[in-house]
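Reviewing the structure listed below.
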Amino acid sequence: MSFWLTVIRQVGRNLRQTWGSQLMTLLTVSLSVLIFAFFYLIYSNMLNLGDKLGDDLSLIVYLEDEPGPELQQQLTNKIRTFDEVESIRFVTRAEAYDRFAVQLGENSDVLNDMPKDFLPPSIEVIPMKNLRSLNQVKLFSSYLARLPGTLKVQYGQDWVERFYYFTRLLSIIVLLSGTLLILTTIFMVAYTIRLTILGRQAELELLRLVGATNNYIRTPFLLEGVLQGLLGSSFGIVSLYLLFQWIKLRFSGPGFLNLFEFAFFSPWVSLTIISISILLCTVGSFTTMQKFLRI
Amino acid sequence: MIELIKVSKAYSPDVIALQNISVSIDSGEMFFIIGMSGAGKTTLLKLLCSMELPSNGLIEIGGHPINQLKGHKLAKLRQKIGVAYQDFKLLTDRTTAENIAISMEVSYKKPQIIRKRVRDLLEQLGLSDKHDTITGELSRGEQQRVTLARAIANSPTMILVDEPTGNLDAVTTERVMKLLKKCNKAGATIVIATHDDSIYRHTTHRVMELRKGSIHSLSGGLSL
Ligand SMILES: Nc1ncnc2c1ncn2[C@@H]1O[C@H](COP(=O)(O)OP(=O)(O)OP(=O)(O)O)[C@@H](O)[C@H]1O
Ligand SMILES: [Mg+2]
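Here the protein sequences line up with chains F and X, keeping their order.
Quick note: the first sequence, position 183, residue 183 per the numbering used here, numbers continuous.
In the numbering used here, each residue carries its 1-based index in the second sequence increased by 1000.
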């Protein structure tokens, strides 16, 4: 009880003594968390979007000849060796003709003069509905194109590729801003705590002489790091949330955001970001103490 | 309780502050170290509170050698030793009360106990009106008494005082000595380094005289 009282008094003293740089640190931590969380928010929403778009993804493999049951089995095995798939369906020439006729509707009479087997047989491959299959759809399609007896593979090449590159780019940005977050928090916290330590050399020296334990001297600095992390990251997350709400309000109505449900982090993710920031700040203060508070 | 066996201290090869000191000081004893300026009195006290390490020899407190103490154990030992430094080592930007409280805060005493003890001590040393004064603004004699108050505040079992009366008038000196004797009665071992003969002239306690780092004489001890 008196332990924590004493610790809190010390922390208060530290904060008063170097409040300028404390404030700077707090701001830097908030800003880094804000930047990181911003990109991560976009990224995670893109992943969701990818999941949804992936629902309509299918690859159509056009074949030279109608495969017999034996060959069908062989092709199925080949496809499954590449990856798990949701389903594989063989479409015969006749089925293709019927479908086409249905698609043409009342204009189907244009088909009257055509032979019933003018369309090639095909395989419809529906990949598993997750982002991984979306990302490797290109690989998958070139794999399928190399199977013997295939004419051509079709899927929504264009958007899938663009989407793929966009998420790749985003993931790189997320990584970069994450690194930035780690560096700034650790270094800024380490820097302010170093300032405090240097500004209080005389007192720390005396504390050691009158028998202050490591815990007594270090806990306030650790707590300072924890506070910086907690306040800084909460600030960052809250400002991102406000920004998010503002954008939602501002741009609601028909438009980009309504294409899909743009959602904020779950409380869990927010808590994780905050805990990680706290951890980083603690690491920052701990390393400084290892350097400047040798006892 | 305190054993020094063939203790020497050299600050650098050519500055030998203490040489071949062997003495035991009993628990609850009041012990004077006297000698001219530069004789090594302060150095001896610094060795006892393990602020400096001896170059040679053995120092034991309560049967435990203190040469190799580190970390938590050293901290715990220092909490039991109150030291009034010759150069005071006050935090000159803090108030008198805060300075005295430090030695109790490190052993996590309750705030109300600390407050009471601080007022008591200031009262006994005639400093009641300086409770909230920044120690940098006090006179040297006042600073000296604050240093002493800080040394004895946590009721240590061993009190080391370096030149406690250097800047004090006769009346205040009397006051300081009365307080130290009171601590001694309560059981604390007290080691006083001084060249103020008024405080040891008529004493019944042992007086050790240092000369150029060696024991010149060790007298008294009638009280034992
Ligand atoms: N940190 C140090 N580095 C080098 N020499 C030192 C140091 N401290 C003390 N000395 C030397 O050691 C010798 C003993 O010093 P000490 O301070 O113990 O004397 P003292 O008896 O306390 O003197 P005074 O009565 O003036 O306080 C002196 O010659 C001093 O110059
Ligand atoms: Mg001295």
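Note that CB positions come from ideal geometry on N, CA and C, so glycine has one too.
- X:K1006 counts as exposed, since fewer than 16 other C-beta atoms from the protein chains shown sit within 10 angstroms of its C-beta.
- Residues of chain F with a Cβ closer than 9 Å to the Cβ of X:G1062 do not exist, since the nearest Cβ in that chain sits about 15 Å away.
- Around the beta carbon of F:E124, fewer than 16 other beta carbons sit within 10 angstroms, so the residue counts as exposed.
- Contacts with chain F at 8 Å (Cβ-Cβ) include X:Q1079.
- In the structure shown, X:L1058 falls within a strand segment according to DSSP collapsed to helix, strand and coil.
- A distance below 8 Å separates the beta carbons of F:S32 and F:T184.
- Interface criterion met: the Cβ of F:T213 is under 8 Å from a Cβ in chain X.
- Note that the C-beta distance between F:S277 and F:V11 is not below 8 Å.
- Contact check for X:L1160 against X:I1081 passes: the beta carbons are separated by less than 8 Å.
- Distance between X:Q1079 and X:K1182, taken at the CA atoms: about 20 Å.
- In this structure, the alpha-carbon of F:S108 lies about 7 Å from that of F:V102.
- Look at F:T272 here: in three-state DSSP terms it is helix.
- By the C-beta density criterion, X:R1140 is exposed, having fewer than 16 other C-beta atoms within 10 angstroms.
- Using beta-carbon distances, F:Y216 counts as an interface residue toward chain X, with a partner under 8 Å.
- Within the region 1103-1124 of chain X, contact with chain F at the beta-carbon level (separation under 8 Å) is assigned to S1103, E1105, V1106, S1107, Y1108, K1109, K1110, P1111.
- Beta-bridge annotation (DSSP): X:A1010 is paired with X:I1016.
- Within the chosen limit of 7 Å, ligand 2 does not reach the beta carbon of X:K1110 with any heavy atom.
- Short note on X:E1163: C-beta closer than 7 Å to some heavy atom of ligand 2.
- Within the same chain, Cβ atoms closer than 8 Å to the Cβ of F:L63 are found at P120, P121, S122, I123, G149, T150, L151, the five residues on either side in sequence being excluded.
- Listed along chain X, no residue sits closer than 7 Å to F:T18 by beta-carbon distance, the nearest being about 14 Å off.
- For the 8 Å CB-CB criterion, F:G211 and X:A1075 form a contact.
- Annotation for F:E86: the continuous beta strand (DSSP E) segment containing it runs 85-91.
- The continuous stretches of beta strand (DSSP E) do not include X:R1094, and DSSP gives it neither H nor E.
- Chain F places a beta carbon closer than 8 Å to that of X:A1075, counting this residue as a contact.
- For X:D1120, the enclosing alpha helix (DSSP H) starts and ends at 1111-1124.
- Under the Cβ criterion of 8 Å, X:H1072 is counted among the residues facing chain F.
- Residues with their Cβ less than 5 Å from any non-hydrogen atom of ligand 1, running along the chain, are X:Y1011, X:V1015, X:A1017, X:S1037, X:G1038, X:A1039, X:G1040, X:K1041, X:T1042, X:T1043.
- Cβ-Cβ distances below 6 Å link F:L144 to V61, V153 in the same chain, with the five nearest sequence neighbours on each side left out; the list follows chain order.
- Sixteen is the threshold: when 16 or more other Cβ atoms of the shown chains lie within 10 Å of the Cβ of F:R194, as they do, the residue is buried.
- Distances from the CA of X:L1138 to each of X:T1095, X:R1150, X:S1024 were compared; the closest alpha carbon is that of X:T1095.
- At a beta-carbon threshold of 7 Å, the residues of chain X lying near F:E203 are L1091, ordered along the chain.
- A distance below 6 Å between beta-carbons, with the five flanking residues on each side excluded, links X:Q1124 to the following residues of its chain, in chain order: L1179.
- In this structure, X:K1089 places its C-beta atom within 8 Å of the C-beta atom of F:L206.
- The region 157-175 of chain F makes no contact with the region 63-75 of chain F, as fewer than three CB pairs between them are under 8 Å.
- For F:F100, the three-state secondary structure derived from DSSP is helix.
- For X:G1187, the closest of X:R1201, X:A1084, X:R1145, X:T1157 by C-alpha to C-alpha distance is X:T1157.
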